[in-house]
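Okay, structure first, notes after.
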Amino acid sequence: SGLASNYLINYADNANGLAITPRPLTLPPDAAVRTYGDANPARGSATGNAGGLVNGDSVASVALASPAVVNSGIGRYDLAASDALFGLGSAANYLLSYATLPSGLLITPRSVDVAALPGQAKVAGRPDPVFDFGITSGSLVAGDAFSGSLTRAAGEAIGSYPILQGTLTLGPNYTLGYTGAPFTVASTDALAVIDRSPAPGTLASPGDLLATLDATFAVADENQLRSRLTSLETQAASLQSELERGARPST
Numbered sequence: 040s041g042l043a044s045n046y047l048i049n050y051a052d053n054a055n056g057l058a059i060t061p062r063p064l065t066l067p068p069d070a071a072v073r074t075y076g077d078a079n080p081a082r083g084s085a086t087g088n089a090g091g092l093v094n095g096d097s098v099a100s101v102a103l104a105s106p107a108v109v110n111s112g113i114g115r116y117d118l119a120a121s122d123a124l125f126g127l128g129s130a131a132n133y134l135l136s137y138a139t140l141p142s143g144l145l146i147t148p149r150s151v152d153v154a155a156l157p158g159q160a161k162v163a164g165r166p167d168p169v170f171d172f173g174i175t176s177g178s179l180v181a182g183d184a185f186s187g188s189l190t191r192a193a194g195e196a197i198g199s200y201p202i203l204q205g206t207l208t209l210g211p212n213y214t215l216g217y218t219g220a221p222f223t224v225a226s227t228d229a230l231a232v233i234d235r236s237p238a239p240g241t242l243a244s245p246g247d248l249l250a251t252l253d254a255t256f257a258v259a260d261e262n263q264l265r266s267r268l269t270s271l272e273t274q275a276a277s278l279q280s281e282l283e284r285g286a287r288p289s290t
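Quick note on numbering: the sequence shown equals residues 40 to 290 in the working numbering.
Laid out in structure tokens, this is it:
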């Protein structure tokens, strides 16, 4: 009570009289995704508590950590944040604490594509071979392997049958794409053609060589196939040499 007019008032500054303390801020990481077999993301965003930032400040990224390792299976894992880097403003203006986001890291299946190899065949009446395939895209994580096997459409008549995926799998951690190929059941006449194939140096033209190769690939006996291919490679090299010299191939 009283009147200020009853006083002769002087004012003075209080040096360092106002204390501005750090603003509390808790930062949980935003959810992250990676593929099975890849490394965990090292850094990510943290916008879950953006309302705690003031004056246009922003967090550029936080360090991420998870109990998941490279070969952890698909699914969700906890994700923790630390070491915030500010895009605008300064971390010194905040009393930072960090939170773990339960199930914040999602590991998704790894994509691998395979294809049945072309040219697979057998002579009618013989057992089917083990069907071969190759990876056309993607890669396996170290220590992983295929299980199961390819199969084919049923039938033993002379003709072509599609090679099917069968039980071939990489398990739940992969998305496996498959491209088939035809499998040929050939007559025994095809084997006779191979047995009568020309001796080295007797091919008359590249067309003869191709015809012999076509017959060779109709036979599924691996050892015989390798032997015939070795012979044909020798003949092809000799034929190529003669053609380069401008000479007529041997007849």
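Built from N, CA and C at the ideal position, the CB exists for glycine as well.
Three-state secondary structure (DSSP) at Thr214? It is a strand residue.
Checking the sheet assignment: what are the DSSP bridge partners for Ile202? Answer is Arg191.
Is the Cβ-Cβ distance between Ser188 and Thr206 less than 8 Å? Going by C-beta atoms, Ser188 is nearer than 8 Å to Thr206.
Local conformation of Gly114 per DSSP, three classes: Correct three-state label for Gly114: strand.
Spatial distance of Gln159 from Thr175 (CA atoms): The alpha-carbon atoms of Gln159 and Thr175 are separated by roughly 17 Å.
Which partner residues of Arg344 appear in the DSSP bridge assignment? For residue 344 there is no data in the structure shown, the boundaries of the chain being 40 and 290.
Among Leu47, Ala58, Pro67 and Pro211, which one has its Cα closest to the Cα of Val101? Among Leu47, Ala58, Pro67 and Pro211, the Cα nearest to that of Val101 belongs to Pro67.
By Cβ distance below 6 Å, which residues in the same chain neighbour Pro201 in space, the five residues on each side in sequence not counted? The beta carbon of Pro201 lies closer than 6 Å to those of Ala192 and Gly219 in the same chain, with the five residues before and after it left out.
Can you tell which of Ala120, Gly173 and Phe185 has its C-alpha closest to the C-alpha of Leu64? For the set Ala120, Gly173 and Phe185, the Cα lying nearest the Cα of Leu64 is the one of Ala120.
Just to confirm my understanding: we take Arg235, look at its own chain, exclude 5 residues before and 5 after, and list those with CB closer than 7 Å. What are they? Any reading at Arg235 needs caution, since the residue's pLDDT is 42, under 50, leaving its predicted position unreliable; the model's value is listed next. There are no such residues.
If I measure Cβ to Cβ from Ala54 and keep anything under 6 Å in the same chain, skipping five residues before and after, which residues do I get? If we look at Ala54 and ignore the five residues flanking it on each side, it has no Cβ neighbours.
For the region 150 to 159 against the region 109 to 126, do three or more pairs of beta-carbon atoms, one drawn from each stretch, fall closer than 8 Å, so that the two count as touching? Between the region 150 to 159 and the region 109 to 126 there are fewer than three inter-stretch CB-CB distances shorter than 8 Å, so the stretches are not counted as touching.
How many Å lie between Thr214 and Asn132 at the Cα? Those two C-alpha atoms are separated by around 47 Å.
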